[in-house]
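In UniProt numbering, the protein residues as written are 1 to 122. Comments concern the structure below.
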């Protein structure tokens, strides 16, 4: 059982809805400014559900990294077009941005593998 004490009375309903809509299968019970959240036991089915949730978060992180890469590449193209950097410097920096992108995507993948192993550990 998880207990959440909400300090601001005006956000108790929003907090309850956010927990309920989190996709984690949690159903909070409101008691004034306190929320009691029963945590379901981790059976095999629940573990698989949590793995899917972790996978969704990992994919969102990968998309964020790729969006940052795209923004960086667009900035480099603009800098080359404006004459701020040479074509060779553009190519070098583009390769560096790609290496950083690959590094952080692999970190996300490693974190996902570790989390999946942790979730499935009995």
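No residue lacks a Cβ here, since even glycine has one placed at the ideal position from N, Cα and C.
Check, Outcome
"Distance, residue 115 Cα to residue 78 Cα", "39 angstroms"
"Residue 26 vs residue 6 beta-carbon contact at 8 angstroms", "no"
"Extent of the continuous alpha helix (DSSP H) to which residue 31 belongs", "It is not in any alpha helix (DSSP H) - residue 31 instead sits in the beta strand (DSSP E) that spans 29-31."
"Distance, residue 39 Cα to residue 47 Cα", "13 angstroms"
"Selected residue, minimal CA-CA separation from residue 42, among 24, 108, 63 and 30", "24"
"Boundaries (first-last residue) of the alpha helix (DSSP H) holding residue 53", "44-82"
"Stretch-stretch touch, CB-based, cutoff 8 angstroms, three pairs: the region 52-66 with the region 96-112", "yes"
"Rounded C-alpha distance that separates residue 21 from residue 87", "49 angstroms"
"Integer-rounded CB distance, given that residue 28 should sit under 8 angstroms from residue 16", "5 angstroms"
"Residue 2: first and last residue of the uninterrupted beta strand (DSSP E) it sits in", "2-5"
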